[in-house]
Amino acid sequence: MAVSGRPTTIYDDVTERLADTGHAKGAVALWDAIQQAFRDSGPEAIRALIEKRVRELRTAANKDLKASRDVARDITPPKRRPASKSAASKRAPRAPR
Amino acid sequence: MSAKFTLRTLEASGFRGIGSDLTLSFHPRATVIVAPNGTGKTSILGAIEWGLFGELQYQPPENRTNDEIVNLRRASREAQVRLLLANDHDTFEATRTKRMRQRATDFTVQFADVRMFSGDDADRVRFQHLGLTFEDFYRAVYLHQESIRGLLLDEPRVRNESLDRLFGVDKLRDILRMLSTKLPKDAISEIENTKRNAAAKLEGAVTQAQASHERATADAQRQGLTEDDLSLDAATCLLAEVVGALGRAASSVGYTGDLAIEPPASMEALDRAATRARTLLTAIRKQGVDLQLSSGSATALTNIDRAKGTITGAEARVAQADAAVTACVQRVGDADVLQALITGGRSTLSTIAQSVEAVGANQRVAADAVRFLNTAPDTSDCPVCGQAVNGRELLARLQGSLEGQLRAQLAELEARRKATAGEIATAEEALRELEGTQRAATVAAIELEGARAGALALLGTPVEPAQIVATLDQRATELQEAASRAQRARAAAEEVLSTADGMIERLRVIYRWLQSDENRTAAQERLGSMGSDESGADQQIGKLATLVEAIEAVAASVQQVASEHARSALEQAQDEYARYYATLCNHPYFDLLRINVEQQRVSGVDRNNYVIRTVASADGEASLASSRLSTAQINCVALSIYLALAERLEHNLGFIILDDPSQSLDAEHKEALTRVLDELDPVLQFVIATQDVEFGDMLAARWPGDASTQYRLRWSPAGGTQLMPTRV
Chain A
16 MAVSGRPTTI YDDVTERLAD TGHAKGAVAL WDAIQQAFRD SGPEAIRALI EKRVRELRTA
76 ANKDLKASRD VARDITPPKR RPASKSAASK RAPRAPR
Chain B
5 MSAKFTLRTL EASGFRGIGS DLTLSFHPRA TVIVAPNGTG KTSILGAIEW GLFGELQYQP
65 PENRTNDEIV NLRRASREAQ VRLLLANDHD TFEATRTKRM RQRATDFTVQ FADVRMFSGD
125 DADRVRFQHL GLTFEDFYRA VYLHQESIRG LLLDEPRVRN ESLDRLFGVD KLRDILRMLS
185 TKLPKDAISE IENTKRNAAA KLEGAVTQAQ ASHERATADA QRQGLTEDDL SLDAATCLLA
245 EVVGALGRAA SSVGYTGDLA IEPPASMEAL DRAATRARTL LTAIRKQGVD LQLSSGSATA
305 LTNIDRAKGT ITGAEARVAQ ADAAVTACVQ RVGDADVLQA LITGGRSTLS TIAQSVEAVG
365 ANQRVAADAV RFLNTAPDTS DCPVCGQAVN GRELLARLQG SLEGQLRAQL AELEARRKAT
425 AGEIATAEEA LRELEGTQRA ATVAAIELEG ARAGALALLG TPVEPAQIVA TLDQRATELQ
485 EAASRAQRAR AAAEEVLSTA DGMIERLRVI YRWLQSDENR TAAQERLGSM GSDESGADQQ
545 IGKLATLVEA IEAVAASVQQ VASEHARSAL EQAQDEYARY YATLCNHPYF DLLRINVEQQ
605 RVSGVDRNNY VIRTVASADG EASLASSRLS TAQINCVALS IYLALAERLE HNLGFIILDD
665 PSQSLDAEHK EALTRVLDEL DPVLQFVIAT QDVEFGDMLA ARWPGDASTQ YRLRWSPAGG
725 TQLMPTRV
C-alpha cells in the first residue's frame, strides 16, 4: 500500500498536493491555518477562521468606503427635515351633519 | 514472537469509566472481554487508543478541552494509562497522563534499556517504532463499534462518513464540510454594493462641490479679489493689514486687550484667524461705545439736571412758605400773643362760671325760703336764725328778687361767657393757621436740605450750599465736552473698523473659496481613486477573491487526497475484502462485493460517495448493497473492508482491536467471523470486546485453553470498571 510506512499524515498529503499543483502560497498558508485550527478545536474552528478573515477584509473595505462616504458627507450640506404636519392638519375634514 | 509490537499489559487509572487502578494482561493471541453494556469495554479499548496517540476518534476535536478523559470520581483528578508493548528484540512502555482542566497530556516512552523520551521526542519515537499514524491506526488496527454502526444505517451521508472513517479520511470530510466559499463571496457582493452606493454619493458630492466653488468664485469676484488674492499667502498678508487696522482702532478707543492673531499656516487656521479678527473688531467697537457712554454719559447729565431742578424747586417752596408765615403773623399776630389771648379768655370763662354758681346758690336759697313762706305765710320767726321776721313781706321781697335781680345777674353772666368763648375760638383758629404755615415752611426747608445733600453726593466734593447749583452747571459742561471728545474718537475708530470689517469679509471669502476648491479637489480625487485598482475596497475585494480561490484550491486538494486515499485503499484491498465478504456473508446469490468511490457535490463541495454493489458471479447481476443486503450482511461488508485494510496496511503493530464486531450477526455469521479471524496472520494478536456472550463462547471455543484469555467486567459507581479474569 502506498500509505504504508509513510512519515506523513493526511494533512501533509494535502500540503504536498497543494504544492505539487502549483497553487499560490496563500492557499498553502490557508491550509496550514485550517488544519491547525481543526486539530486544535475541530470543524467549527475552520468556519470561525474563514469568518475572521472575511470579517477583517470586509472591515478594511468598509473602512475605506466609509472614508469615501465621509468625504461626500463633509462636502454635502445636511438636508433639512421637512416640517411635520400637525395632527389637526392631517385629520380629514369632518363631514357635515 | 515477531518483529511487530504486540500488547503485553495495560495499566489504567482515572481514565473515563475506569476509576480505580486496573491492570490487564494481554494474551499473545487473543484477549476477549465479554461484558454487558456500560461496564467499560470501550473505555479499556479507548485506553489503548489514547495511551498511544493521545486522541479518541469518537471524541469531537472541539471537546478536547473538556474533562471527559478524566474520571470524575478519581480523587487525584488525573488519568493515566501505561502500555507495555514488545516485539522479538525490543520492549517499551508508553505512559500518558492528563490532569483535570489541563488540555495537554504528558507522554513518555521508555525502553527496556532505560532510554526514555518525552513530549515531541516520544511521539517521534512512537512513529518510528510503530510505523503508523493515528488515522492508519483507525483504518487497520482498531475497528470501533461506531464505525460499523454507521455503515448499518440507511442514511447515505452517515454511510459515506463511516466508510471515510474506515479509509482514514473522515477528518478530511469534516474539513471539507466547512470549506464553503459562500461567506467571502457574499462579502464581495456586499462590498461591491456598498462601493456603488459610495461612488454615487461621491458623484453627487462632486457636483455640489463644483456648484459651491462656483458660488465662492462669484463672491470673490464681487469682492474684487483676483486669482492672485485667492491663496493662503495672500490671505496672510491681508490678515496682517487687518491686525494693523485693529491696532489703530484699539488705540483710538483705548482698548487694551490682546490683539495678537497667529498667522495662518492652514485653511483651518485661516478660518480661526478670521473669526478671531471678527471677535476683536466687535470688542473694539464695544469699547468705543463704552468710552462714549462713560465719558459723556447721558445719565450723568440727566442726574445733574434733575439735582439742579430739585434744589431750585425746593428753594422756591421755602421762600413761598416763609412769605406765608410772615403774612399770617401780620394778619393774626404773633403766636405768643394769640396764646396769651387764649389763656386769658379761658381764665375769664372760669371766673364767669364761679359767679354763675354763686348767683345760682342765692337763687336756690331764695327759692327754698319762698317755698317755706308759701306754706307758712304768717311766720314771725326765722326758722334758720330765729330772728323775728314778717313772713308775708319777706315772701313778697324774695319773689321780687328771684324774678328781677337774680335773673338779670345770670343774663349778664351768660352774655359775658359767650363773648369770651368767641374770642378764644378766634384766637385758636388764628393760632392753627399760623402753625400750619410754619410747618409748611419747615417741610420746604427739609426738602431743600435733602436736595442739596443729593447734589453733593452727585458731585462728590464738599461745596457751599449757595455754590451747589453753579458747581452742577460746571460739571455738566465738563461732561458734555468729554462726550464730544469720545464721540470723535469713536467715529475715528469706527472708520478704521469699517475698513477692517471689509478686509475680514474678504478673508472669509478667500477661506470659502479655498475650502470649496479643496472640497472639490478631494471629492474628485476620491472618486477617481475609487475607480482605480489602488483603492482600499478594491484591494480587499481582490484579497477576498484570492481567499475564495484559496478555499476552492484547498477544498479541491483535500477532496483529491480523500478520494485518492479511499480509491487506492480499495483498489489494493479489493481481493481481500471480496474474499472476506464471500466467507463472512456467504450469500447464496450475490457472492461478490464491489465498491466504487465517486464524487458527489454537496453544498458546492465535492465529497466521497461510496457505491457498494453486490454482484452475482453466476450471471453478473449487480445490486446496491443497501437495498439488497440485510443489516447483518452490511456488517459483514464493514468487517470485510476493515480486515482487508488491516491485512494490507504495513506497519509495526501486531495486533488488531475489534469493538463489538458481532452486531446484528446470527450464529452462523458469528461462527464465520471467528473462522476468518483465526485464519488471519497466525501471529496476529486480537483484542476483542463484545457484549455478545454467544460470540464470546464461540471465540473461546475457537481458541480453547491457553490459546486465549477472556475477561468479564463489572462496574460500580465507587470503583468504576473492575476486571474479573476468566481463563477459558
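Protein chains in written order, with our numbering: chain A, 16 to 112; chain B, 5 to 732.
Cβ atoms here follow ideal geometry from the backbone N, Cα and C, with glycine treated the same way.
Inter-residue CB distance, residue i and residue j (contact presumed, cutoff 8 Å)
i              : j              : result
A239 (chain B) : I514 (chain B) : 5 Å
V38 (chain B)  : R716 (chain B) : 6 Å
L597 (chain B) : A582 (chain B) : 5 Å
A7 (chain B)   : D92 (chain B)  : 6 Å
L677 (chain B) : P665 (chain B) : 6 Å
Q603 (chain B) : D595 (chain B) : Actually they do not touch by this definition, with Cβ atoms about 29 Å apart.
I49 (chain A)  : I179 (chain B) : 6 Å
S712 (chain B) : R33 (chain B)  : 6 Å
Residue interval of the alpha helix (DSSP H) (run including residue i)
i              : result
D262 (chain B) : Segment: none, D262 (chain B) is in no alpha helix (DSSP H) and carries neither H nor E.
T74 (chain A)  : 58-90
Y646 (chain B) : 635-652
T101 (chain B) : It is not in any alpha helix (DSSP H) - T101 (chain B) instead sits in the beta strand (DSSP E) that spans 95-103.
R335 (chain B) : 302-336
E15 (chain B)  : Here E15 (chain B) belongs to no alpha helix (DSSP H); instead the beta strand (DSSP E) covers 10-17.
L518 (chain B) : 472-534
F376 (chain B) : 339-379
F131 (chain B) : 123-134
L206 (chain B) : 186-226
H569 (chain B) : 540-589
T678 (chain B) : 671-683
N164 (chain B) : 160-170
V29 (chain A)  : 25-35
Beta-bridge pairing of residue i - partner residues as DSSP gives them
i              : result
V38 (chain B)  : B:T694, B:R716
G724 (chain B) : B:I22, B:S720
R611 (chain B) : B:Q604
R617 (chain B) : B:R598, B:L628
Q689 (chain B) : B:F659
D385 (chain B) : B:A392
Residue of the options minimising C-alpha distance to residue i
i              : options                        : result
H673 (chain B) : B:G658, B:L649, B:S644         : B:S644
T74 (chain A)  : B:L574, B:N639, B:A559, B:Q544 : B:Q544
E196 (chain B) : B:K175, B:D623, B:G546         : B:G546
R530 (chain B) : B:E150, B:K199, B:R77          : B:K199
L399 (chain B) : B:L649, B:A311, B:A380         : B:A380
F9 (chain B)   : B:F115, B:V74, B:R107, B:N590  : B:F115
R68 (chain A)  : A:T36, A:A44, A:V29            : A:A44
L684 (chain B) : B:A705, B:A648, B:E654, B:D670 : B:A648
E416 (chain B) : B:Q478, B:I356, B:A470, B:S17  : B:I356
R280 (chain B) : B:V293, B:L243, B:L295         : B:L243
A83 (chain B)  : B:Q409, B:L703, B:R571, B:D25  : B:D25
I428 (chain B) : B:D124, B:L681, B:Y614, B:A344 : B:A344
Contact set between residue i and chain A, taken where Cβ atoms lie within less than 8 Å
i              : result
I179 (chain B) : I49, Q50, F53, P58, I61
N523 (chain B) : D89, I90
A215 (chain B) : Within 8 Å Cβ-Cβ: nothing; A215 (chain B) doesn't reach chain A, min ~11 Å.
T198 (chain B) : A76, N77, L80
P40 (chain B)  : Ordered by position in chain A, no residue passes the 8 Å Cβ test against P40 (chain B), which lies about 32 Å from the chain.
C-beta neighbour in chain E for residue i, strict 9 Å
i              : result
E245 (chain B) : Protein chains A and B are contained in the structure displayed, whereas chain E is not.
Chain A contact residues for residue i, given Cβ-Cβ distances below 7 Å
i              : result
S17 (chain B)  : Neighbours of S17 (chain B) on chain A: none; closest Cβ ~27 Å, over 7 Å.
V562 (chain B) : V29
V565 (chain B) : I25, D28, V29, R32
A557 (chain B) : L33, H38, A42
L574 (chain B) : Within 7 Å Cβ-Cβ: nothing; L574 (chain B) doesn't reach chain A, min ~11 Å.
First through last residue of the beta strand (DSSP E) which encompasses residue i
i              : result
V113 (chain B) : 110-115
I661 (chain B) : 659-663
L628 (chain B) : 626-628
Q84 (chain B)  : 82-90
Residue i: contacting residues in chain A (beta-carbon distance under 9 Å)
i              : result
V173 (chain B) : I25
L551 (chain B) : G41, L45, I65, R68, V69, L72
L548 (chain B) : R68, V69, L72, R73, A76
R530 (chain B) : A82, S83, V86, A87
Q603 (chain B) : By Cβ distance, chain A contributes nothing, its closest Cβ being about 16 Å from Q603 (chain B), past 9 Å.
L87 (chain B)  : Chain A residues near L87 (chain B): none, gap ~22 Å exceeds 9 Å.
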